[in-house]
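Everything on this sheet refers to the single structure shown next.
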Amino acid sequence: MQIPFGMLLNNVELFLLIFVRMTGLFVTAPIFGRRNIPVYYKVGFAFITAILASSVIRVDHIINTDNFLIFALYILKEFLVGIIIGFVAYAVFTCIYLAGQIIDMQIGFGMVNVFDPISNIQIPVTANLYFILSMIIFLLTNGHHMLIRALYESFQIIPLGSAVIGPKLKDDVIGIMQGVFSMGFKIAAPIVAAIFITDVVLGIISKTIPQMNVFILGMPLKIFVGILIILITIPAFVYIVTVITDDMNTQIFKFLKDMGNSLKT
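Written out as structure tokens, the structure reads:
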């Protein structure tokens with residue numbers, strides 16, 4: 033089997049557009065976009081996938097590569113397509129950060145944030161645990177394969193050089209943010225409910241036994257109840273991650289279709 037370098041030399045401009053779209057995915061996508069992965073690994077993987085994609089992708093329309101400014105605009109469009117695919121995938125998983133923040137505020141870990149050097153942000157302790165588990169489940173359920181498949185299928189939905197940033201994307205961004213908040217509250221709901229019941233019980237105890245200092249008893253009790261509920265709900269969290277992964281795939285294709293359909297409207 034020969035690597036199609038002849039095709040690359042004859043259509044180097046088309047290969048460059050494919051390579052730029054591939055590279056955009058590895059900037060923001062979960063797993064691929066993490067800062068602990070060396071840059072040359074990302075570029076090399078994007079280059080290999082671009083070689084494989086360039087041998088199967090068909091270009092049915094004419095792309096003007098004679099004008100430098102127009103070709104630079106094409107490159108910017110392709111990079112934005114890859115960025116958007118990775119951004120949507122990352123944005124869907126931010127519901128885990130939101131859930132962790134809500135949980136930590138309830139059980140008393142609200143001030144105990146840790147700095148994640150990989151994502152360069154402050155992360156709650158519970159959110160860090162949930163995010164590590166979610167990435168492990170994401171890899172075990174072949175979620176990274178979904179990202180690569182979505183990237184390949186994006187060339188059919190949005191041909192090279194034809195991406196359009198239309199008004200529909202604004203509604204899509206609002207919708208995905210609403211979904212993130214909704215899913216984050218759903219993940220945190222069992223722990224919030226358990227802590228609420230604990231507060232009610234402590235309030236009853238403080239009224240019936242005034243001699244007991246519920247403030248000293250309440251903090252370790254909330255931490256114990258919160259950690260216990262987290263451990264109990266770990267099996268359910270595995271199912272939640274699969275739901276988030278499926279929603280990620282749905283949202284990616286929704287964004288791609290809206291960027292492609294903007295040409296027809």
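The sequence shown begins at 33 in my numbering and counts up by one. A virtual CB, placed ideally from N, CA and C, is assigned to each residue, including glycine. In this text, all values refer to a predicted model and were calculated from it rather than measured experimentally.
Residue i - DSSP class collapsed to helix/strand/coil
i, result
"Pro222", "helix"
"Leu130", "helix"
"Gln210", "helix"
"Ile155", "strand"
"Gln243", "coil"
"Ala61", "coil"
"Gly140", "coil"
"Arg67", "coil"
"Thr274", "helix"
"Thr265", "coil"
"Asn160", "helix"
"Asn174", "coil"
"Asn281", "helix"
Local Cβ density within 10 Å of residue i, reported as buried at 16 or more and exposed below that
i, result
"Tyr299", "Lying before the first or after the last residue shown, residue 299 is absent from the chain, which here runs from 33 to 297."
"Thr282", "exposed"
"Met251", "exposed"
"Gly193", "buried"
"Ala225", "exposed"
"Gly175", "buried"
"Gly56", "buried"
"Met209", "exposed"
"Thr240", "exposed"
"Gly76", "exposed"
"Leu46", "buried"
"Ile190", "buried"
Rounded separation between residue i and residue j - CA only
i, j, result
"Ser186", "Leu288", "7 Å"
"Val196", "Ile236", "60 Å"
"Ala268", "Met244", "36 Å"
"Leu105", "Lys200", "21 Å"
"Gln138", "Lys202", "33 Å"
"Asp136", "Tyr184", "39 Å"
"Tyr162", "Asn99", "49 Å"
"Val88", "Lys254", "57 Å"
"Gln133", "Pro156", "6 Å"
"Thr286", "His177", "The sequence shown places Lys at residue 286, rather than the Thr named in the question. Approximately 18 Å between the Cα atoms of the pair."
"Phe4", "Ile206", "Residue 4 falls outside the range modelled here, since the chain spans only 33 to 297, and no answer is possible."
"Asp279", "Pro242", "50 Å"
"Met167", "Phe64", "11 Å"
Integer-rounded CB distance, given that residue j should sit under 8 Å from residue i
i, j, result
"Met82", "Ile50", "One detail in the question is off: residue 82 reads as Ala in this sequence, not Met. Correct: roughly 5 Å between the Cβ atoms."
"Met54", "Gly114", "6 Å"
"Gly118", "Val71", "Not a contact, Cβ separation roughly 15 Å."
"Leu179", "Ala123", "Not really, about 13 Å apart at Cβ, beyond 8 Å."
"Ile298", "Ile272", "Within the shown structure, residues of the chain are numbered from 33 to 297, placing residue 298 beyond reach of any answer."
"Pro62", "Phe125", "6 Å"
"Ala131", "Ala85", "At roughly 36 Å, the Cβ-Cβ gap does not stay under 8 Å, so Ala131 and Ala85 are not in contact."
"Ile107", "Val52", "5 Å"
"Thr173", "Thr265", "Not quite, the Cβ-Cβ distance comes to about 19 Å (not below 8 Å), so this is no contact."
"Cys127", "Gly258", "The pair is not a contact, with the Cβ atoms about 19 Å apart (cut-off 8 Å)."
Any non-hydrogen atom of the ligand ZN within 7 Å of residue i CB
i, result
"Ile248", "With respect to the ligand ZN, the structure offers nothing, as it holds no ligand at all."
Segment limits, alpha helix (DSSP H) that includes residue i
i, result
"Leu192", "Note, Leu192: premise wrong, no alpha helix (DSSP H); not H, not E."
"Ala85", "71-86"
"Ile89", "No alpha helix (DSSP H) contains Ile89, which DSSP labels as neither H nor E."
"Gly198", "Neither: Gly198 is in no alpha helix (DSSP H) and is coded neither H nor E."
Beta carbon proximity, residue i to chain D, threshold 8 Å
i, result
"Ala225", "Any reference to chain D falls outside this structure, which holds one protein chain only."
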